[in-house]
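>
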Amino acid sequence: MKCGIVVFPGSNCDRDSYHVLKEILGLDTEWIWHKEDSLNKFDLVVLPGGFSYGDYLRPGAIAKFSPIMQSIIKYAEDGGKLLGICNGFQILLECGLLPGVLMRNISHSFICDTVPVRLENDQTPFTSNSSKGSVLELPIAHADGRYFADENTLKELEDNDQIVLRYCDSSGVVSDENNPNGSLTNIAGIVNKAKTVCGMMPHPERQADPLWPNVDGQIIFRSLIQSC
Amino acid sequence: MLAKIHVTLKDGVLDTQGKAVHHALNDLGYQEVKGVNLGKYVEVQLDGLSQAEAEDRVREMCQKLLANPVIESYRFTLDSQE
């Protein structure tokens, strides 16, 4: 499985992602500079977390116009697997590769925490190495993580099983009390209809090194390896 | 020519910043404040376009970049003197 990690000016989770994919999981992994105008052949492309373009105007708003994005959009349209983590998720939404938007957390503060999330759909290449209903502990670190979409979009997401992660408590109960940022129905991660593009606010790459007591984040990457 | 653009949240989208400022104003004693909407104001200096061309181009800029059409709407004026 060949992986590429896009680096935008301001990305800062690209190294953690690279470390997990290349050094922990032993995968053939390359950097993709945002100014490249073509893409090598990849099985997985990651849009990492961080603050591309300083989050100026809106998080991800300017990154969507980086030269590499044309090739990435085509790659996604051709069925290539694309994982957007945190700022990467914001970029996918701004591009329209995923529906909806991420807004300022309802608390107005930046939240840095490790939270339980429930796996809502195990039938995607990003979540198959687990089972529906499993609770994962994953770190979140964001100020603009409140997922929002209109009624029709939410209904489509639900009807097509596009919601993959929801914030919950440690026993998997989804409720307002366990919603760190006010996301619509506690949504923490979604996929597109084809299940080939995934965006999530939690950071699986920060919970995947076996030096850590918890490697729940590996589930996302092992699912992708399985699906390859 | 100067394009003066206002980008605001659409009706029905929760404006948490607006609410926070509203409460702050009430707390400061301005009980008459019944609502606050926070938006963005953008000034874009343009060169070498007619009014009609500028309108089209600024509209495109708003749709492509300056506003997120999922949750924001925009309006603008063009000032040819500045």
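One line per chain: the protein sequences are D and E, in this order. By my numbering, the letter at position 162 of the first sequence is numbered 1606, and the numbering carries on one by one without gaps. By my numbering, the letter at position 5 of the second sequence is numbered 8, and the numbering carries on one by one without gaps. Glycine included, every Cβ here is placed at the ideal spot set by N, Cα and C.
1) Could you check whether the Cβ of Q84 of chain E sits closer than 9 Å to any Cβ belonging to chain D?
2) Compute the beta-carbon to beta-carbon distance between N1625 of chain D and I1550 of chain D, rounded to the nearest angstrom, for a pair I have assumed lies under 8 Å.
3) Which residues bound the beta strand (DSSP E) around G1448 of chain D?
4) When you check each C-beta in the segment 1635 to 1661 of chain D against every C-beta of chain E, which residues fall closer than 9 Å?
5) What are the uninterrupted segments assigned as alpha helix (DSSP H) that are 4 or more residues long and contained completely in the segment 1519 to 1562 of chain D, given in chain order?
6) What are the boundary residues of the beta strand (DSSP E) that includes S76 of chain E?
7) So the beta strand (DSSP E) V16 of chain E belongs to, where does it begin and stop?
8) Is there a Cβ of chain D sitting closer than 9 Å to that of T19 of chain E, yes or no?
9) N40 of chain E CB to nearest chain D CB: under 9 Å?
10) Which value, in whole angstroms, describes the spacing of the CA atoms of D1487 of chain D and G1523 of chain D?
11) Along chain E, in chain order, which residues have C-beta atoms closer than 8 Å to that of H1552 of chain D?
12) Residues of chain E with CB closer than 9 Å to the CB of G1528 of chain D, please, in chain order.
13) Along the chain, where does the beta strand (DSSP E) containing E63 of chain E start, and where does it finish?
14) Alpha carbon to alpha carbon, what distance is there between N1658 of chain D and K43 of chain E?
15) Within a Cβ cutoff of 7 Å, which residues of the same chain sit near S1671 of chain D, ignoring the five residues on either side of it in sequence?
16) Could you check whether the segment 1553 to 1560 of chain D touches the segment 1512 to 1522 of chain D, counting it as contact only if at least three pairs of C-beta atoms, one from each stretch, sit closer than 8 Å?
17) Alpha carbon to alpha carbon, what distance is there between R1459 of chain D and I1631 of chain D?
18) Checking the sheet assignment: what are the DSSP bridge partners for Q48 of chain E?
19) Does chain C have any CB closer than 9 Å to the CB of I74 of chain E?
20) Would you check if the distance between the CB atom of I1506 of chain D and the CB atom of I1476 of chain D is smaller than 9 Å?
21) Whole-angstrom Cβ separation of M1644 of chain D and F1592 of chain D, contact assumed at under 8 Å?
22) Could you compute how far the alpha carbon of G1498 of chain D sits from the alpha carbon of G1454 of chain D?
23) For chain E, check one thing: does any of its Cβ atoms lie closer than 9 Å to the Cβ of R1502 of chain D?
24) Check the C-beta distance from L69 of chain E over to V45 of chain E and give it rounded, since I have them as a contact under 8 Å.
25) Quick check on DSSP: helix, strand or coil for V1618 of chain D?
26) Determine which residues share a DSSP beta bridge with R1590 of chain D and list them.
27) Compare the Cα-Cα distances from L17 of chain E to each of D:L1601, D:V1618, D:R1590 and D:H1586 and report the closest residue.
28) Give every residue of the same chain whose Cβ lies closer than 6 Å to the Cβ of L1465 of chain D, excluding the five residues on either side of it in the sequence, and list them in chain order.
29) Whole angstroms is fine: what's the gap from K37 of chain E's alpha carbon to S1510 of chain D's?
Answer, in terms of the structure:
1) no
2) 6 Å
3) K1446 to V1451
4) none
5) 1531 to 1539
6) E75 to D82
7) Counting along the chain, V16 of chain E falls outside any beta strand (DSSP E), and DSSP gives it neither H nor E.
8) yes
9) no
10) 10 Å
11) T19, Q20 and A23
12) The contacting residues do not exist; G1528 of chain D stays about 16 Å from chain E at best.
13) Element bounds for E63 of chain E: not the beta strand (DSSP E) but the alpha helix (DSSP H), Q54 to M64.
14) 42 Å
15) P1569 and S1572
16) no
17) 26 Å
18) E:L5
19) Protein chains in the displayed structure are D and E, and chain C is not among them.
20) no
21) Between F1592 of chain D and M1644 of chain D the Cβ distance is about 16 Å, and since that is not below 8 Å, they are no contact.
22) 6 Å
23) yes
24) 6 Å
25) coil
26) D:M1547
27) D:R1590
28) C1447, L1471 and T1473
29) 42 Å
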